[in-house]
Structures are given as C-alpha cells and as structure tokens.
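> Please read through the structure below; I'll follow up with questions.
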Amino acid sequence: MQNNVYENVSIINVINKLNLKKTYIKGDTMYVVCPFCQKGEERKGNMKINTTRNVYRCDVCELSGSSIELYAKKKYVTTKEAFSMLLKENPVLDNIPYNYNNPVKDETYRDIVYRRFLELQVLNKEHHTKLKNMNFTDEYINKYLFKSIEIDNSKKKKICLKLQEEGFKLDGISGFYQDTDFKWTYKAHSGIFIPVILDNKIQGLRIMLDEEYNKDTENIWFSSNNEYNGTKAYNWPMVLKNENDSWFDMYNSKKKTNIIIGTEMILAHKLFNNTGKIVIGVPNNIDKEIISNIVNRLNASHVTLYVDKYTILHTSTLMYVNIIDTLEEQNVKVDFRIAINDNNIGEEIERETRKIA
Ligand SMILES: [Zn+2]
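For the numbering used here, count along the sequence shown from 1 and bump the result up by 25.
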C-alpha cells in the first residue's frame, strides 16, 4: 500500500491513533478532549486542532505543538521515534480530502500577494549584471520587479511565514505549497522571477532559469501543482505598453493595429525595452488560442512574431506554421523572426520605421 508522509503525520491520523474524542469540527478547526488535562468523558473538548496547519493547542493547559509532538508526548517517546512509529502504520484519515491542486485565486488577489512576495526577494549582483547586459536600466528592472529567487529552504519558509503573518493566504496562489512539516514554502529554482503583467496586474510569475531545464527551455512557470495544497499556473499572456496607452482603448480598438509578439517573457521585455512599442509576451510553448485571442481583441492587421530558439528547437515546426496560417486566414499579415541571443532585438523595427518615414 502506498502512503505519503502527509497522510501518516497528519494530525487527524494522530488524533485517531490516540483515540481522542472529537467534540467539534468546522472547516479546518476541530476540538478534541485534551489527553493531558481532561478525563476523556467530557462533552466539550479543550484542545483546539488546526488541520491545515497540522497543530494543536489546549485552551486550558496550554500545551501546544505539531502532530508528531502530540503523538510523542502521549506515547512518552521522542519526536524522532514518534515519526518513525507513525510512518510504519497505515494512516486513518476520516475521509478528509487532501488537496493537491487548489483552484487558482482571482487576479486581483494574486497581484497583491505576488507584489508583496517579490518585495521580500532580492536581486543579486550576478542577476543584476545579467539583466544590465540585456540593456535593461535599473529603472526598468525596478519597475518590472525582476528579482532573484531565494532558494534557501529556511529563508523560503520565513518569507512565507511573513506573508501569512501579514494576513495573506497562500493556497490558490501558483508556486506556493505546504512542505512535509506543513509549513508553507514555494517551488524554487535558481533563476530570476519575471512577473507576467496583464492589465496592470501580475497574473503569475515566469522564471528565467540560470541553467536550461532538460535542454528543453530556460523558462518555466512558478507553479506548484501536485504539491500538498499547491496550485497550478496557467499560460497567462503579458502585455507591455506605455503608461499613457489606455488598456480599455486598446481592447476596443476600431482602428487596425500593428503588434509585436515575443514567445517568451524575457524576449518580450527586450523587444519592449528596445522599441517602446506595445509588445505581447507569451510562453515559448506557443499557445495558438492565446495568440489568436489577443490578435482579435487588439484588432491587429499586422503581427511581427519573434520566437526564441526554444520555440524553434522544441516546439513542433507545424505548430508555429499553424499559427501563422491561422492568422493569415484572418487577413493578418505576419512577419516571422527568429531571435537568438540578441540583446538588441527589435532595433531593426526602429530602422524600418525610420526608412518608411
Ligand atoms: Zn489540556
């Protein structure tokens, strides 16, 4: 039988193993008869259990701690012994569902949490140099909240604890999950967070990895699906525009527009930084639906599509040919350009514009 650690060390399993009497259950709060200060027959339990945080605290004798500590204290063993005892037996869980994929919270809430989360991250010297070499100014870097990802496990948990203390809930926010000690943490990879902004709100975080991931890509989503209380990231697009371009006008444009699309967020930022024109960023797994939607909503008649080397190397050729065909069927003119390690990418557009003028 396959168990996972969460189920074995769950406080619900511990309460069942210790035969503690449950007197109240609502949401993730439960009261049980306290094994340390009550006799066992009482109708009202003194001990409060939080099943999400996996902790207990008695209102009367004030003993408190984790599920493993409760088991250890009652069995007169060390926490290490308690842990291995709990792992050996099959857990008893009352059919309380364990959530491995929370529904994602709305964009307003995600934006607030991600902004605060990014404030608690720093941009290290190495990443700063890397971004400066891509032509980004400090002002640009600060404005778009590029940050290095803290990967130290205890620092990650401290950051999450701080967010929780400030009142933020981390379930439903892609990237965050609870570790085997039930403390909140997040998926970390060595790299830079690139916030994906649409309609002035951070939809999600894209990660530009320091090293390629399976030679497949160097960009992945900050996502935590299949983790305890985790949340999946979606393929959110990004729109980079000048402050004075009204989003409302853009999305209701009667006038035909020219737009630039970059397949990958960092490429889109380079294009925007170098041209100052509206640029749409999409993940380099090049989703036809996303591109088609944006092109229609912005009433684009001309699309300059820049793709990075990963789009070329690892997406089926048919896929972006398919996108071009689909757009051309809608009478959208498509310029297809491959961008490989070019930090001045987009400057050719400026030159062409000047030529026409
Ligand atoms: Zn008690």
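By construction, the Cβ of each residue, glycine as well, lies at the ideal position given by its N, Cα and C atoms. Bear in mind that the values here come from a model prediction, so they are computed numbers and not experimental data.
(1) Say yes only if the C-beta of valine 85 is nearer than 7 Å to one or more non-hydrogen atoms of ligand 1, and no if none qualify.
(2) Which residues in the same chain have their Cβ closer than 6 Å to the Cβ of leucine 148, if we skip the five residues on either side of it in sequence?
(3) Could you tell me if serine 248 is buried or exposed, where buried requires 16 or more neighbouring beta carbons within 10 angstroms of its beta carbon?
(4) Would the region 266-280 count as touching the region 193-204 if we require 3 or more Cβ pairs under 8 Å?
(5) Alpha carbon to alpha carbon, how far is asparagine 347 from threonine 256?
(6) Determine contact between the region 280-288 and the region 299-312, defined as no fewer than three beta-carbon pairs at a distance below 8 Å.
(7) How many angstroms separate the CA atom of isoleucine 370 from the CA atom of lysine 295?
(8) For valine 384 versus asparagine 71, is the C-beta distance shorter than 8 Å?
(9) Is glutamate 262 near isoleucine 315, with beta carbons less than 8 Å apart?
(10) Suppose the cutoff is 6 Å on Cβ atoms and the five residues either side in sequence are ignored; what does the same chain contact list for isoleucine 184 look like?
(11) Asparagine 71: beta carbon under 7 Å from a heavy atom of ligand 1?
(12) Under three-state DSSP, which class holds phenylalanine 218?
(13) By Cβ distance, which residues of its chain are closer than 7 Å to lysine 181, with the 5 residues on each side in sequence left out?
(14) Using the beta-carbon count (16 or more within 10 Å), is glutamate 164 buried or exposed?
(15) Quick check: the Cα distance between methionine 159 and isoleucine 365, rounded to an integer number of angstroms?
(16) In the DSSP assignment, find the unbroken alpha helix (DSSP H) run with cysteine 185 in it and report its ends.
(17) By the 10 Å Cβ neighbour count, where 16 or more other Cβ atoms means buried, how is alanine 382 classified, buried or exposed?
(18) Take isoleucine 245 as the anchor and find which of Leu234, Tyr253, Asn254 has the nearest alpha-carbon.
(19) State yes or no: is the C-beta of leucine 45 nearer than 7 Å to some heavy atom of ligand 1?
(20) What are the boundary residues of the beta strand (DSSP E) that includes aspartate 360?
(21) Assess, as a yes-or-no matter, whether the region 39-52 is touched by the region 92-101 under the definition of 3 or more beta carbon pairs within less than 8 Å.
(22) Let's test the definition: count the other Cβ atoms within 10 Å of the Cβ of glutamate 236 and tell me whether it reaches 16, buried, or not, exposed.
(23) Which partner residues of arginine 82 appear in the DSSP bridge assignment?
(24) Could you pull out every unbroken beta strand (DSSP E) segment of at least 3 residues lying fully inside the region 284-356, listed in chain order?
(25) Looking only at C-alpha atoms, which of Tyr253, Asp224, Asn167 sits nearest to phenylalanine 218?
(26) Buried or exposed, going by whether 16 or more other CB atoms sit within 10 Å of the CB of leucine 156?
(27) In whole angstroms, give me the CA-to-CA distance for arginine 78 and valine 117.
(28) Whose C-alpha, out of Gly216, Asn178, Ile37, is nearest the C-alpha of glutamate 151?
(29) Between valine 357 and serine 326, how many whole angstroms is the CB-CB distance? I'm expecting something under 8 Å.
(30) Report the partner residues of glycine 229 according to the DSSP bridge assignment.
(31) If the criterion is Cβ atoms closer than 8 Å, does the pair tyrosine 253 and tyrosine 125 meet it?
(32) Assign tyrosine 276 to buried or exposed, taking buried as 16 or more other Cβ atoms, counted over all protein chains shown, within 10 Å of its Cβ.
(33) Which residue's Cα is closest to the Cα of isoleucine 36: Thr76, Met55, Asn250?
(34) Given this structure, state the Cα-to-Cα distance separating glutamine 203 from glutamate 354, to the nearest angstrom.
(35) Does isoleucine 232 pass the burial test, meaning 16 or more other C-beta atoms within 10 Å, or should it be called exposed?
(36) How many Å lie between tyrosine 31 and lysine 113 at the Cα?
According to the data block:
(1) It does: the Cβ of valine 85 is within 7 Å (strictly closer) of some heavy atom of ligand 1.
(2) Lys172, Ser173
(3) buried
(4) no
(5) 31 Å
(6) yes
(7) 7 Å
(8) Examination of residue 384 is not possible in this model, given that the chain is present from 26 through 382 alone.
(9) The displayed chain sequence assigns proline, not glutamate, to residue 262. Yes.
(10) Leu145
(11) yes
(12) strand
(13) Glu175, Thr210, Tyr211, Ala213
(14) exposed
(15) 13 Å
(16) 178-190
(17) Low per-residue confidence applies at alanine 382: pLDDT is 46, beneath 50, and the placement is therefore not dependable enough to give any value.
(18) Leu234
(19) no
(20) 358-364
(21) Segment contact: the region 92-101 against the region 39-52, three or more CB-CB distances shorter than 8 Å; contact assigned.
(22) With fewer than 16 other Cβ atoms from the protein chains shown falling within 10 Å of its own Cβ, glutamate 236 counts as exposed.
(23) Lys73, Ser89
(24) 304-307, 325-333
(25) Asn167
(26) buried
(27) Valine 117 has its alpha-carbon roughly 18 Å from the corresponding atom of arginine 78.
(28) Gly216
(29) 6 Å
(30) Val221
(31) At a Cβ-Cβ threshold of 8 Å, tyrosine 253 and tyrosine 125 count as neighbours.
(32) exposed
(33) Thr76
(34) 47 Å
(35) buried
(36) 13 Å
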